[in-house]
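Inspection log for the structure reproduced underneath, given as structure tokens.
Given below as structure tokens:
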């Protein structure tokens with residue numbers, strides 16, 4: 001069933017439910033009001049007939065009003081008033097016939113126009129019905145506009161996250177392909193081939209994951225290991241990696257590819273500048289309702305001001321901060337610190353959300 005069909009059926013059910021409940025409420029109030037007068041038991045039957053007549057004669061108003069909504073305001077007002085008056089007139093005649101022909105046992109008024117008495121009272125009731133109809137329709141329109149605005153905002157938000165996420169791929173590809181090109185120039189074909197193979201596996205993993213969805217930390221670690229295998233082709237024994245991932249953190253959800261730019265920065269600005277190579281330490285642990293992620297290196301360090309690097313052309317760290325802001329708003333922390341005794345440490349704090357288990 002299409003979305004249009006579902007919406008149509010929902011509106012149909014809503015109209016008939018409110019329409020029937022409204023006239024049932026009219027009959028109940030009319031019946032309660034009859035207690036103030038001394039009426040015969042057959043009056044209950046008259047009330048039901050009048051309510052049923054009102055239920056019938058107001059149905060065409062729905063379709064008239066639906067068309068009138070597409071007219072100019074002045075024309076719409078004219079059509080609505082005319083339709084309400086004609087409907088009220090018809091209903092008044094039916095009520096008078098019920099009263100005189102049934103309740104008064106065939107009584108005939110002295111003049112024919114007496115059948116049109118109490119039209120004003122009928123007009124008030126039809127006006128209330130029309131007011132409720134337009135009120136509910138306007139409320140539905142406002143809700144729909146609000147939903148459309150929210151949907152548009154959500155789509156823009158998701159597009160922004162995707163843009164930030166895919167922004168990393170060209171940045172990473174440039175560095176990796178440049179390294180492969182260098183290996184080819186140096187005639188190290190086997191090493192270049194191994195690097196291309198690992199790059200293919202890493203990119204396949206990267207592209208298979210939806211940037212909007214968060215992934216388990218164990219899956220992120222798997223991606224990082226693929227990436228580090230690529231880098232180890234370049235650095236061989238000069239690159240040492242330490243993992244300290246608490247088992248309780250493996251199912252925690254994190255933004256996909258959130259740590260890769262941090263490791264890439266550590267390799268580019270620390271490991272690659274050290275003749276003897278260096279070490280990168282990656283850790284994850286829980287603290288209360290938060291997940292704490294650390295990426296540290298033992299490189300020469302960097303110029304850090306107010307918890308941020310002072311590099312002007314960096315893409316990775318700015319990208320991470322914007323992604324975290326989009327995903328968690330203010331419920332996150334991201335800082336860069338001096339590592340002890342040397343190097344840089346990047347800390348992330350995000351809410352600890354567990355992977356949902358499918359039953």
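In UniProt numbering, the protein residues as written are 1 to 359. Each residue gets a CB set at the ideal place from its N, CA and C atoms; glycine is no exception.
Annotated three-state conformation of residue 252 is strand, per DSSP. In the structure shown, the three-state DSSP call for residue 39 is coil. Selection 341, 296 and 354 evaluated against residue 335 yields 296 as nearest (Cα-Cα). Within the DSSP bridge table, the entry for residue 283 names 244 and 294 as partners. Excluding five sequence positions before and after residue 138, none of the CB atoms of its chain fall closer than 8 angstroms to its own CB.
Secondary structure note for residue 261: its alpha helix (DSSP H) is the uninterrupted segment 260-269.
Under the three-state reduction of DSSP, residue 111 is assigned to coil, being neither helix nor strand. Proximity to residue 11 across 58, 140, 243 and 338 peaks at 140, based on C-alpha coordinates.
Around the C-beta of residue 125, 16 or more other C-beta atoms lie within 10 Å, and the residue is accordingly described as buried. Separation of residue 218 and residue 226 (C-alpha to C-alpha, rounded to the nearest whole angstrom) is 13 angstroms. A contact between stretches requires three or more CB pairs, one per stretch, nearer than 8 angstroms, and the region 242-262 meets this requirement with the region 318-331.
Judged by pairs of C-beta atoms under 8 angstroms, the region 61-80 does not touch the region 108-122, as fewer than three such pairs exist. When secondary structure is reduced to three states using DSSP, residue 337 falls in the strand class. Note on geometry: alpha-carbon atoms of residue 247 and residue 284 lie some 9 angstroms from one another. Residue state for residue 330 is assigned as coil, using DSSP reduced to three classes. Within the DSSP bridge table, the entry for residue 351 names 290 as partners. The region 91-107 and the region 73-83 do not touch, with fewer than three beta-carbon pairs separated by less than 8 angstroms. Per DSSP, the unbroken beta strand (DSSP E) holding residue 216 starts and ends at 214-216. In the three-state DSSP reduction, residue 225 falls in the helix class (H, G or I). Residue environment for residue 16: exposed (fewer than 16 other C-beta atoms within 10 angstroms of its C-beta). In the structure shown, residue 69 falls within a coil segment according to DSSP collapsed to helix, strand and coil.
Between residue 277 and residue 270, the C-beta gap is not smaller than 7 angstroms, which leaves the two residues out of contact. A Cβ-Cβ distance of about 4 angstroms is found for the pair residue 242 and residue 281, placing them in contact under the 8 angstroms criterion.
The C-beta distance from residue 51 to residue 27 rounds to 4 angstroms, short enough to meet the 8 angstroms contact threshold. According to DSSP, residue pairing for residue 239 in a beta bridge involves 278. Taking 8 angstroms as the upper bound for CB-CB distance, residue 234 and residue 179 are in contact here, some 5 angstroms apart. Apart from the 5 residues on each side of it in sequence, residue 183 sits with its Cβ closer than 6 angstroms to the Cβ of 191 and 192 in its chain, given in chain order.
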